[in-house]
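Encoded as structure tokens, the structure appears first; notes follow it.
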Amino acid sequence: MPLSLSTSREVGRPAAARPTPAARLQAWLPRLVLAPSAAVSLCFVYGFMLWTFVLSLTNSRMLPSYDFVGFAQYARLMANDRWWVASTNLVLFGGLFIAICLVLGALLAILLDQRIRQEGALRTLYLYPMALSFIVTGVAWKWLLNPSLGLEAMVRGWGFEGFRFDWLVNPDMAVYTLVIAAVWQASGFVMALFLAGLRGIDDSIIKAAQLDGASLPRIYWRVVLPCLRPVVFSAVMILAHIAIKSFDLVVALTGGGPGYASDLPATFMYAHAFNRAQIGLGSASAMLMLGGVLAILVPYLYSELRSRKHG
Amino acid sequence: MANVIRRQTPLARLGRMALYATLILAALFYLLPLVVMLLTSIKPLEEIRAGSLLALPLAPTLEPWAKAWGEACTGMRCEGIGGYFWNSFAIVIPAVLISTLIGALNGYALTQWRFKGSELLFALMLFGCFIPFQVVLLPMAQTLGWLGLASSRAGLILVHVVFGIAFTTLFFRNFYVAVPRELVAAAKLDGAGFFRIFWRILLPVSAPILVVSVIWQFTQIWNDFLFGVAFSGHDTQPVTVALNNLVNTSTGVKEYNVDMAAAMIAALPTLVVYVLAGKYFVRGLTAGSVKG
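So the sequence lines, in the order shown, correspond to chains H and E.
As numbered in our numbering, residues -1 to 309 make up the first sequence, in order.
As numbered in our numbering, residues 2 to 293 make up the second sequence, in order.
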């Protein structure tokens, strides 16, 4: 081998038929660069998902154990009142959060699209909450919703003595305070999505409808909004994703309380896996959360891929 | 082209006024919590108890800010959140730089050096953007323990890099896909290698996407709470965790002004980034969602 190397050096240039080690390395370099990320994603995403699934089949409590009990943890979960509260809350919170964000976002985007002076400044104001941590949002709203010193006290101070706004400490209403804070944080983002969509619509469609004598609200409802279907679609996906992952907001705003009245699956999982020494049960709830995300994601990706093929 | 028909009837003018009123009302709704936070954070406690939420401070003071920074209790300790503020920077800066660099190289390799299976690989990695992190928390905790990184800053940096790569790769891949491949093909013919082409051709045009990626990662990691609370120790908590502890520490009188000052401190870095580079922030948020 060393001999052949020296001859090739004497010749001065390697035979074209045989790639040099360096050239072979070049050819493999892209794969080598991607390899660590691929390995990390394989282990830390797929491997860990599998691992959590395995844990959910065991009776792990304080520490992971590998005594398999089949789907007993899932059965326990189904029989767990707190899990049902958390799941029902997620449907309530997620549904309202998505619906209000969409309506508010679309409305603000349409209003902003009417050649508004200072549009940039308004847009900046609508969107800045998205830059904040949900913990900051939770702390701020916890203060605003504080019954004795916050908004309730302020409105009472204006002379409306009977005014009540004690949702934060009311077990039936606490989950709606999560909706308020989350809408405050994310609706500006939905507005930005819609505005970008509106700017992408061809003006001539609107003008044609205008010449036909259609009123402005009618044009938006019948012509413009249908064009924004893809935007609605991605907004719903992103918002649903935020809703399922909501953890910090609950921790900071209600702490899941009063009692566990405003628990969400994310806080349920954390409480059981990390504080209550119920690793098996916590893992089972994490798997169901993953199932929830997949149930939203798979149809979305499917339709995306289909439209791309046809479009 | 000002050919949108606009009639200046009184009715239209009234509509216009209603339009602006609605928009300003909405702006007030978004501003309210920030204004209240700021006002509360510079009021003495007596004024908070006596006055209204929106009342201007009669005797404005920066004492709550000083206390939140250096003295307030976060759980067992009473050293303020200043140390945790720097902790967050010590975690965020390396994590952002590493994940952005890896994302850039990945995006480059995935678009300009396609090979069999590279699209599949990208799809597999992309899935990391969507999983609820609850599903990796327990295995991650155990793995960090095995690596000897439990409760350490290095451990948190690792976690943020691992789960940030999916996003940064997505950003750079979608950006580099638009770079004409002839450019790179010509450089390859001239004998330039993988890294040389990246350095000389791709990187010089990457400024916008670099900014988007850095801002996205900075905001995400700074605002993270879940990983911070699950994997940090007493000394390595990020500021979001410390803020939550501070607000929930109940020793003696509840100092709302200090709570609000601490919340402002925790919010400031991302707010500053947003004000300075809002355009790129929005672009990061919408990347991949509008374009699909």
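C-beta: ideal position from N, C-alpha, C; glycine also.
{"Item": "Would R317 of chain H and G278 of chain H be called neighbours here (beta carbons separated by less than 8 Å)?", "Value": "With chain H covering only -1 through 309, there is no way to say anything about residue 317 of chain H."}
{"Item": "Just verifying my parser: in three-state terms, what is the DSSP assignment at T237 of chain E?", "Value": "coil"}
{"Item": "On the DSSP bridge assignment, give the partners of L66 of chain H in chain order.", "Value": "According to the sequence displayed, residue 66 of chain H carries Phe and not Leu. Looking at the DSSP assignment, F66 of chain H forms a beta bridge with H:T56."}
{"Item": "Taking the straight line between their C-alpha atoms, what separation do you get for A264 of chain E and A13 of chain E?", "Value": "44 Å"}
{"Item": "Which residues of chain H have a Cβ atom closer than 8 Å to the Cβ of Q218 of chain E, listed in chain order?", "Value": "Near Q218 of chain E there are no residues of chain H at all, since even the closest Cβ is about 13 Å away, more than 8 Å."}
{"Item": "Counting only beta-carbon separations shorter than 8 Å, does L120 of chain H have a partner in chain E?", "Value": "yes"}
{"Item": "What residues in its chain sit with their C-beta under 8 Å from that of M287 of chain H, if we drop five residues either side in the sequence?", "Value": "I242, P263, A264, M267"}
{"Item": "Using a Cβ cut-off of 7 Å, which residues of the segment 232 to 262 of chain E contact any Cβ in chain H, in chain order?", "Value": "T241, L244, N245, V248, Y257, D260, M261"}
{"Item": "Does the segment 219 to 233 of chain H come close enough to the segment 201 to 214 of chain E that 3 or more CB-CB pairs lie under 8 Å?", "Value": "no"}
{"Item": "With a threshold of 8 Å on Cβ separation, who are the neighbours of L196 of chain H within its own chain once the five nearest residues in sequence on each side are excluded?", "Value": "A107, I108, D111, V222, L226"}
{"Item": "Within 10 Å of its beta-carbon, does V273 of chain E have 16 or more other beta-carbons around it, so buried, or fewer, so exposed?", "Value": "exposed"}
{"Item": "Could you tell me whether the Cβ atoms of N107 of chain E and T237 of chain E are closer together than 8 Å?", "Value": "no"}
{"Item": "On the three-pair Cβ rule with 8 Å, is the segment 29 to 43 of chain E touching the segment 251 to 266 of chain E?", "Value": "yes"}
{"Item": "Could you work out which residues of chain H lie near W114 of chain E, taking near to mean beta carbons separated by less than 7 Å?", "Value": "P28"}
{"Item": "Show which residues of chain E have a CB atom less than 7 Å away from the CB atom of V137 of chain H.", "Value": "L244, V248, D260, A264"}
{"Item": "From what residue to what residue does the alpha helix (DSSP H) around L20 of chain E run?", "Value": "11 to 42"}
{"Item": "Nearest chain H C-beta to Y275 of chain E closer than 8 Å, yes or no?", "Value": "yes"}
{"Item": "By Cβ distance, which residues of its chain are closer than 8 Å to S2 of chain H, with the 5 residues on each side in sequence left out?", "Value": "Model confidence at S2 of chain H stands at a pLDDT of 39, short of 50, so the residue's coordinates are unreliable and nothing is read from them."}
{"Item": "Answer with yes or no whether the minimum CB distance from V38 of chain H to chain E is below 8 Å.", "Value": "yes"}
{"Item": "Closest to Q218 of chain E by CA distance: which of E:V162, E:L24, E:L33 is it?", "Value": "E:V162"}
{"Item": "If the cut-off is 9 Å on Cβ atoms, which residues from the segment 72 to 97 of chain E count as contacting chain H, listed in chain order?", "Value": "none"}
{"Item": "Counting only Cβ-Cβ distances shorter than 7 Å, please list the residues of the segment 202 to 214 of chain E near chain H, keeping chain order.", "Value": "none"}
{"Item": "Hey, how far is the Cα of R74 of chain H from the Cα of L53 of chain H?", "Value": "14 Å"}
{"Item": "Report the CB separation of V137 of chain E from T50 of chain H in whole angstroms; it is logged as a contact under 8 Å.", "Value": "7 Å"}
{"Item": "Can you check whether the CB of A104 of chain H is closer than 8 Å to the CB of F187 of chain H?", "Value": "no"}
{"Item": "Report the neighbours of A267 of chain E on chain H: residues whose CB is nearer than 8 Å to its CB, in chain order.", "Value": "S131, I133, V134"}
{"Item": "Taking any Cβ of chain H, which residues in the segment 148 to 163 of chain E have a Cβ under 9 Å from it, in chain order?", "Value": "V160, V162, V163"}
{"Item": "CB A69 of chain E to CB I49 of chain E, shorter than 8 Å?", "Value": "no"}
{"Item": "L94 of chain H to L125 of chain H, Cα distance in whole Å?", "Value": "20 Å"}
{"Item": "Name the chain E residues whose beta carbon is nearer than 7 Å to that of A271 of chain H?", "Value": "L138, L139"}
{"Item": "Let's test the definition: count the other Cβ atoms within 10 Å of the Cβ of A3 of chain E and tell me whether it reaches 16, buried, or not, exposed.", "Value": "Because A3 of chain E sits at a pLDDT of 44, beneath the cut-off of 50, its placement in the model cannot be relied upon, and the following sentence gives the value as read from the coordinates. Under this definition A3 of chain E is an exposed residue."}
{"Item": "Are there any heavy atoms of the ligand SAM lying less than 7 Å away from the beta-carbon of F69 of chain H, as far as the coordinates show?", "Value": "Only the bare structure without any ligand can be found here, which leaves the ligand SAM out of the picture."}
{"Item": "Decide if A293 of chain H is buried, meaning its Cβ has at least 16 other Cβ atoms within 10 Å, or exposed.", "Value": "exposed"}
{"Item": "Which whole-angstrom value describes the C-beta separation of R174 of chain E and T112 of chain E, a residue pair presumed to lie in contact below a C-beta threshold of 8 Å?", "Value": "6 Å"}
{"Item": "Can you name the residues of chain H whose CB is closer than 9 Å to the CB of T23 of chain E?", "Value": "L105, L106, L109"}
{"Item": "Which residues in chain E have a C-beta closer than 8 Å to the C-beta of S35 of chain H? List them in chain order.", "Value": "I103, N107, M126, I166, T170"}
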